[in-house]
Amino acid sequence: MTSDHIDRVRTDIAHNARVWNYWLGGKDNYPVDRAVGDRVTALHPGIGEVARADRAFLRRTVTYLAAEAGIRQFLDIGTGLPTADNTHEVAQRVAPDARIVYVDNDPIVLTHARALLTGSPEGATEYVDADAHRPEEILAAVEPTLDLARPVAVMMLGILNFVLDTGEARRIVRTLMDAVPSGSHLVLTHPTTDPALGGEGNVEAMAFWNANATPPITARTREEFGSFLVGLEVLEPGVVSCASWRPDRGQGAPVPQFGAVARKP
790 MTSDHIDRVR TDIAHNARVW NYWLGGKDNY PVDRAVGDRV TALHPGIGEV
840 ARADRAFLRR TVTYLAAEAG IRQFLDIGTG LPTADNTHEV AQRVAPDARI
890 VYVDNDPIVL THARALLTGS PEGATEYVDA DAHRPEEILA AVEPTLDLAR
940 PVAVMMLGIL NFVLDTGEAR RIVRTLMDAV PSGSHLVLTH PTTDPALGGE
990 GNVEAMAFWN ANATPPITAR TREEFGSFLV GLEVLEPGVV SCASWRPDRG
1040 QGAPVPQFGA VARKP
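Per this note's numbering, the sequence shown starts with residue 790, numbered consecutively.
Right, dumping it as structure tokens:
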């Protein structure tokens, strides 16, 4: 870890990757992260369930893409801290030759990159320190681990909510999907305040977050979320709570986090 990355680690303000890790039961967090995480939970008691549902969605979608859609390349942007069932672990259980590139610009995630890089010998796992706001730099960095002439699953779980301008978020998605061929897939999750999914709790919780933690976050409507999928074939069951996307038997109730998988025609 370079001195530059050490300088970027802030232990005096809560950070999303560490708070999310706390909600998932991890240990890679500081007292400030736990304090903010507990306060957000008090405002939005279901937030821990959102984190777990988002993670379960990742497992189900990656399993589908590797086992049924035949995808062998995954670009996971906004990786977060390693936890159970990381993308490469799920994909390589199904297809040992799967190739995964993780992208994040959080220095805490960077310190754990070595754990992310322990993939199967038949496949490949790489980590890129890059900002989701600069998709062109991401695309330049993923080769040769990924072959952008072959289908890629672009994973953006809980990351576009940190791109506050919706037009900019659309540009990021378009840039990434324009660079990959037909048969590629886009996998998204995103928080919402939609009352149909119990999202009212997000309003006060997000306001508290933006005043006390980093990076700032925004919720989006179903229509705004759907705008990221324009031009793609949205797979069944469409735009739903991530907990409701092809759920396992006994899956819990919907959470205020949209999820969708779409294919580039």
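From the three backbone atoms N, C-alpha and C, an ideal C-beta is built for every residue, glycine too.
In this structure, does DSSP put residue i in helix, strand or coil?
i, result
"Val976", "strand"
"Val1028", "coil"
"Ile897", "helix"
"Glu915", "strand"
"Gly990", "helix"
"Asp796", "Residue confidence for Asp796 is low, a pLDDT of 46 falling below 50, so the modelled location carries little weight and cannot support an answer."
"Ile948", "coil"
"Asp827", "helix"
"His877", "helix"
"Gly1057", "This structure cannot speak to residue 1057, because the chain is shown only from 790 to 1054."
"Leu935", "coil"
"Thr791", "The predicted model places Thr791 with a pLDDT of 42, which falls under 50 and marks its position as unreliable; any figure quoted below should be read in that light. DSSP places Thr791 in coil when its eight states are reduced to three."
"Arg848", "helix"
"Ile927", "helix"
"Thr981", "coil"
"Ile866", "strand"
Measuring alpha carbon to alpha carbon, tell me which of the options ends up nearest residue i.
i, options, result
"Leu746", "Ile1006, Pro1026, Ile961, Val931", "As shown, the chain starts at 790 and ends at 1054. That puts residue 746 outside it, with no answer to give."
"Glu1012", "Ala1002, Ala1032, Thr982", "Thr982"
"Thr830", "Met995, Cys1031, Val1019, Thr1007", "Met995"
"Val962", "Val992, Gly835, Ala985, Ala921", "Ala921"
"Met966", "Leu949, Val941, Gly990", "Val941"
"Val890", "Ala873, Met945, Arg844", "Met945"
Measuring straight from C-alpha to C-alpha, what distance separates residue i and residue j?
i, j, result
"Thr914", "Ala1051", "23 Å"
"Val943", "Lys1053", "11 Å"
"Ala840", "Ala1002", "17 Å"
"Gly988", "Pro885", "38 Å"
"His877", "Tyr853", "14 Å"
"Leu1021", "Glu838", "29 Å"
"Trp812", "Gly826", "7 Å"
"Ala858", "Ile802", "41 Å"
"Phe846", "Phe1017", "18 Å"
"Val821", "Asp936", "41 Å"
"Ile1006", "Val992", "11 Å"
Report, in whole angstroms, the separation of the C-beta atoms of residue i and residue j, which I expect to be a contact under 8 Å.
i, j, result
"Ala732", "Val898", "Because the chain is modelled from 790 through 1054, residue 732 falls outside the range shown and cannot be assessed."
"Gly1048", "Thr955", "No, Gly1048 and Thr955 are not in contact; Cβ-Cβ is about 18 Å, not under 8 Å."
"Trp998", "Arg849", "Contact flag wrong, Cβ pair sits at about 27 Å."
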